[in-house]
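A short write-up of the structure that comes next.
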Amino acid sequence: MKLWFTAALIALTGAVRAEVLLSADEIEQTLSFGPWSPSFHSDPSNRVSNNARAIALGEALFNDPVLSSDGAFSCASCHDPEQAFTTPEARALGRVLLDRNTPSLRNLAGLRWYGWGGKSDNLWAASLHPIIEEQEMAHSPESLKTAISESAYIDDFEAIFGVIQNQDPELVLVNTAKALSAYLETLVADRTQFDDFRDALERRDFPAAAYYPEAAQRGLQLFLGRGNCVFCHNGPRFSNNEFHDAGVPYFLNETEVDEGRFGGLNFLLSSPYTLDGDWNDDPDKHGAWAVRNVRRSHADFGTFRTPSLRGVAETAPYMHDGSLRDLNGVIRHYSKINTDRLHTDGEAILLQLNLSEQEIADLVAFLMTLSKASY
Amino acid sequence: MLKQICILSAALFCSSAIAQERPIFDAHIHYSHDAVKLVPPEQVAKILRDAGVRKALVSSSDDNGTQLLLAAAPDIVVPALRPYRRRGEINTWMHDESVIDYLEENLAKNDYEAIGEFHAYGDDIKTPVIQRMIALAKERNLILHHHGDREAVDLIFETWPEARVLWAHSGFDDPARVVDALNTYPRLWADLAFRSDMASRGRIDPDWKEAFEAHPDRFMVGTDTFAPERWYYVGPHADFSREWLDLLPDQIADNIAYANAERLLASE
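Protein chains in written order, with the numbering used here: chain H, -19 to 355; chain D, 2 to 269.
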């Protein structure tokens, strides 16, 4: 009887394992993409991080045009909560057509750099810059102070930050950004079919893992193997959060280019709103080592931050300028990447993959499972 | 006394102004087929002038870009002939005998100061195509602008001991090994294109400083416009170069900024 049970178990295990296509090494790599959701850690540079009242105020301000100088639009106008905190335009439309695609705002807590060019090293600074950027919300610190003072949010603002009239306009600006940041750091992409697969593998529950589509598994194998996408898109966020030349042209017009990380770094190093600055609420300035030590490189020019792939199916179009309409286009871009554009001693990781139609479909199938919509 | 202070102030001001405007010989420029389509020669010439680049060693894939730019800025462009018709030939050109015809045709109809930048590593130098290319350079006493490793440098000098070789990117080697190569070959020069490790945040790397002091007459700067958009980095690169060169003694800084490249061109 015991022997029969063991044989049945072996047969059963063997049969189920056959449906999980990954090798032991691939399973090990797959586990590195989780667990999801990540545990929350308060931002020590923001004294109102994880403060319920600040989170509520931040959410209200995010959705209210009070943060634009003329009340023309809110943060949510471009970062639409109903559209994964982005919009489907290739390039964002502020007061003018902006240079870049609107990034989604989920999974931002605790990153080292923010923005396509990394011009901020913390989330409250990343929230602050659009408020005073002329082509976006176009407030001055003074006009923002007036707007907040005259808004319906003044009581909440003062309950959190103290009497506004005692605050310098720049302090009002920073406090407003910190309330926004408190809200934004709560935005986390949902768990997905991929997470169920990954967790089942961790539990060695292969029958459960086998529910993950084989096409997605084949796509994952390409992602880990020949495609080597994992080189940059790694960890639970599927991003190394660093800056790369992905072979996408970066002309803005006939006489201008998007300088990418080069411009972002120049901005960062002259900004008063870094973790190394006086507006950091953390007396120990954790994390300031990065801005203190980051080095300029010629390779920075025209490089952009690796985006997270969490929820990627919901955030088309793609790349820093939204030039690729769908995931199929992204995979085809990498499959036939113009390596002539890349420096011979630069992004040596990128090679023409020359993927078959089946492989392209498999990679897209895998990416689709990183979004809740694929459930 | 007041007059002396004024003179001193004026002198300081002039010195500062001169330092800000230190001319640049950009020893590593490409104007290849895709850049020609996207950035017109007149625009390129303006970019160079605005950046304070007074001379530029230009090589392009194909050579059409160099000739167009030479016509647009004859006072700036120092033409070099690259053995590529398209940039994608970097890894295969040494096995393609039609490259020789291409070189010979262009050498017959145009004047050049150099052949390169060409990519070659180790034994690549022994291929018939590269051996013939070196022979063509030797016939005309042209500089060889070489991108590759030390072994290839050794083989170039083994092939032609009197060659003048400009080592692109200083071989992406560390300063001590670059110094060793310069010690070994008195007719080797080194460009610093696409390297950022010489200085950071207002401080010269001590190993590089030692290299510049050991060979103050052998280094030069370069942007490496390897993609069309990189033309818009020529200005920032010139600023970057002036910024870190200012950390060196004036004589060495001037040498690296422009004088070494000019002397290389004037050498026999």
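Just so it is clear, CB atoms sit at the ideal spot from N, CA and C, and this is done for glycine as well.
Three-state secondary structure assigned by DSSP to residue i
i	result
ALA389 (chain H)	With chain H covering only -19 through 355, there is no way to say anything about residue 389 (chain H).
ILE329 (chain H)	coil
MET348 (chain H)	helix
TRP259 (chain H)	coil
LEU246 (chain D)	helix
PHE174 (chain H)	helix
TRP104 (chain H)	helix
PHE211 (chain H)	helix
THR66 (chain H)	strand
ILE91 (chain D)	coil
ASP174 (chain D)	coil
ASN256 (chain D)	helix
MET144 (chain H)	A small correction: the amino acid at residue 144 (chain H) is Ile; Met does not occupy that position in the sequence shown. Here ILE144 (chain H) sits in helix by DSSP.
LEU85 (chain H)	coil
PRO149 (chain H)	helix
LEU266 (chain D)	helix
ALA132 (chain H)	coil
ASN26 (chain H)	coil
LEU78 (chain H)	coil
ASN318 (chain H)	coil
PHE247 (chain H)	helix
LEU2 (chain H)	coil
ASN65 (chain D)	helix
TYR94 (chain H)	strand
PHE231 (chain H)	strand
LEU71 (chain D)	helix
LEU49 (chain D)	helix
LEU73 (chain H)	strand
Same chain only: Cβ atoms within 6 Å of residue i, ignoring 5 sequence neighbours per side
i	result
LYS358 (chain H)	Here chain H comprises residues numbered -19 to 355, so residue 358 (chain H) is not present and cannot be evaluated.
LEU406 (chain H)	Here chain H comprises residues numbered -19 to 355, so residue 406 (chain H) is not present and cannot be evaluated.
HIS216 (chain D)	LEU183
ASP306 (chain H)	ALA296
SER161 (chain H)	ASN26, LEU103, TRP104, SER107
Same chain, Cβ closer than 8 Å to residue i, neighbours up to 5 away in sequence not counted
i	result
GLY51 (chain H)	PRO45
PRO252 (chain H)	ASP258, TRP259
THR(-7) (chain H)	With a pLDDT of 44 at THR(-7) (chain H), under the threshold of 50, the predicted position of this residue should be treated as unreliable, though the coordinate-derived value follows. Around THR(-7) (chain H): PHE186.
VAL271 (chain H)	ASP101, LEU248, LEU249, THR254, LEU255, ASP256
HIS96 (chain D)	THR128, VAL130
LEU77 (chain H)	ARG71
PRO68 (chain H)	ALA296, PRO297
ASP176 (chain H)	ALA188, TYR191, TYR192
Neighbourhood of residue i by C-beta distance below 7 Å, restricted to the same chain and skipping five residues each side
i	result
SER242 (chain D)	ILE25, VAL222, ALA258
ILE19 (chain D)	In this predicted model, ILE19 (chain D) has a pLDDT of only 44, less than 50, meaning its place in the structure is not dependable; the value taken from the coordinates is given anyway. So no residue of the chain qualifies.
ARG178 (chain H)	THR10, LEU11, PHE13, GLY14
VAL37 (chain D)	ASN65, GLY66, LEU69
ALA121 (chain D)	MET95, ILE131, HIS147, GLY149, ALA153
Beta bridge counterpart(s) of residue i as assigned by DSSP
i	result
ASP27 (chain D)	D:ALA57
LEU145 (chain D)	D:ILE116, D:VAL166
GLY240 (chain H)	H:PHE281, H:THR283
ALA200 (chain D)	D:ILE205
VAL79 (chain D)	D:LEU58
ALA191 (chain D)	D:TRP168, D:PHE220
ASN261 (chain D)	For ASN261 (chain D), which the question treats as bridged, DSSP gives no partner whatsoever.
PHE223 (chain H)	H:ARG285
TYR298 (chain H)	H:LEU304
*Could you say if the stretch 204 to 220 of chain D and the stretch 237 to 247 of chain H meet the contact criterion of at least three C-beta pairs nearer than 8 Å?*
Three or more beta-carbon pairs separated by less than 8 Å are not found between the stretch 204 to 220 of chain D and the stretch 237 to 247 of chain H, which leaves the two stretches without contact.
Exercise for the section: Closer than 9 Å, Cβ to Cβ, to anything on chain D: give me those residues from the stretch 300 to 326 of chain H, in chain order. Expected result: Those would be ASN318, THR319, ASP320, ARG321, LEU322, HIS323, THR324, ASP325, GLY326, in chain order.
inquiry  = For the stretch 206 to 233 of chain H, list every residue whose C-beta sits within 8 Å of some C-beta in chain D, in sequence order.
reply    = The stretch 206 to 233 of chain H vs chain D, Cβ under 8 Å: PRO229, TYR230, PHE231.
If you measure beta-carbon to beta-carbon, which residues of the stretch 267 to 283 of chain H are closer than 8 Å to chain D?
-> Within the stretch 267 to 283 of chain H, the residues whose Cβ lies closer than 8 Å to some Cβ of chain D are ARG275, ARG276, SER277, HIS278, ALA279, PHE281, GLY282, listed in chain order.
Identify each residue in the stretch 88 to 104 of chain D for which the Cβ-Cβ distance to at least one residue of chain H is less than 8 Å, and report them in chain order. Residues passing the 8 Å Cβ filter: ARG88, GLY89, ILE91.
| query | Mind listing which residues of the stretch 228 to 239 of chain D have their C-beta closer than 8 Å to chain H's C-betas, in chain order? | reply | Against chain H - using a Cβ distance shorter than 8 Å - the residues of the stretch 228 to 239 of chain D are ALA228, PRO229, GLU230, ARG231, TYR233, TYR234, PRO237, HIS238.
Notebook entry, point to check: Okay, do the stretch 127 to 137 of chain H and the stretch 277 to 284 of chain H touch, 3+ Cβ pairs below 8 Å being the bar?
Noted result: The stretch 127 to 137 of chain H vs the stretch 277 to 284 of chain H: no contact.
Is it the case that the stretch 112 to 121 of chain D contacts the stretch 74 to 86 of chain D, given that we only count it when at least three CB pairs across the two stretches are under 8 Å? These segments touch.
task = Give, in chain order, every residue of the stretch 162 to 175 of chain D whose Cβ lies closer than 8 Å to some Cβ of chain H.
result = Answer in chain order: HIS170, PHE173.
Between the stretch 138 to 158 of chain H and the stretch 58 to 69 of chain H, can you find at least three pairs of beta-carbon atoms closer than 8 Å?
Two segments are said to touch when three or more pairs of C-beta atoms, one from each, lie closer than 8 Å; by this definition the stretch 58 to 69 of chain H does not touch the stretch 138 to 158 of chain H.
Q. Looking at C-beta atoms only, is the number of pairs between the stretch 35 to 55 of chain D and the stretch 63 to 71 of chain D that lie closer than 8 Å three or more?
A. The count of Cβ pairs closer than 8 Å, one atom from the stretch 35 to 55 of chain D and one from the stretch 63 to 71 of chain D, reaches three, so the stretches are in contact.
Please name the residues in the stretch 188 to 221 of chain D whose beta-carbon is closer than 9 Å to at least one beta-carbon of chain H, in chain order. Residues ALA194, PHE195, ARG196, SER197, ASP198, SER201, ARG202.
Notebook entry, point to check: Can you find at least 3 beta carbon pairs, one from the stretch 3 to 17 of chain H and one from the stretch 211 to 219 of chain H, that sit closer than 8 Å?
Noted result: Contact between the stretch 3 to 17 of chain H and the stretch 211 to 219 of chain H is present, because at least three Cβ pairs lie under 8 Å.
* To do: Return the residues of the stretch 110 to 135 of chain D that lie within a Cβ-Cβ distance of less than 9 Å from chain H, sorted by chain order.
  => Within the stretch 110 to 135 of chain D, the residues whose Cβ lies closer than 9 Å to some Cβ of chain H are HIS120, listed in chain order.
Check: When you check each C-beta in the stretch 63 to 74 of chain D against every C-beta of chain H, which residues fall closer than 9 Å?
Finding: Correct list: empty, as no residue qualifies.
Next item on the list: Count the CB pairs spanning the stretch 310 to 321 of chain H and the stretch 337 to 346 of chain H that are closer than 8 Å, and state whether there are at least three.
Entry: Cβ pair count under 8 Å is three or more, so yes.
### Message
For the pair the stretch 231 to 238 of chain D and the stretch 46 to 60 of chain D, tell me if three or more CB-CB distances fall below 8 Å.
### Response
The stretch 231 to 238 of chain D vs the stretch 46 to 60 of chain D: in contact.
**Request:** Residues of the stretch 29 to 40 of chain D with a CB closer than 9 Å to any CB of chain H: list them in chain order, please.
**Result:** Correct list: SER33, ASP35, LEU39, VAL40.
Quiz item: Given 8 Å as the limit, is there contact between the stretch 152 to 167 of chain H and the stretch 109 to 127 of chain H, that is, 3 or more CB pairs closer than that?
Solution: Touching, per the Cβ criterion.
When you check each C-beta in the stretch 0 to 14 of chain H against every C-beta of chain D, which residues fall closer than 7 Å?
Cβ contacts with chain D: none found.
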